[in-house]
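Below is one structure, written out as structure tokens; the observations come after it.
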Amino acid sequence: MGKVMNTAIAIGAGVVAMSYMQKNNMMSQKQLKKMQKKVMKMF
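Going by the UniProt record's numbering, the first residue of the sequence shown is number 1, and it counts up by one from there.
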């Protein structure tokens, strides 16, 4: 159950990051790298 929740959170975070990137391309690369590091730490 815990793994399923973490996966759902990671997917949700990814979707938010993608929508944020489309709105704000200037910050997208830095934000995406930060999000990827946070997701990797979760697993």
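All C-beta atoms, glycine included, are put in the ideal place defined by N, C-alpha and C.
* Would you grab the beta carbon distance between A8 and V39 for me? Rounded to a whole angstrom, and I think it's under 8 Å. => Between A8 and V39, the beta carbon gap of about 12 Å keeps them out of contact (Cβ cut-off 8 Å).
* CA-to-CA distance, K23 to N6, given in whole angstroms -> In this model, N6 and K23 are separated by some 26 Å (Cα to Cα).
* Identify, in the order they occur along the chain, each residue of the same chain with its Cβ nearer than 8 Å to the Cβ of V4, setting aside the five sequence neighbours on each side. => none
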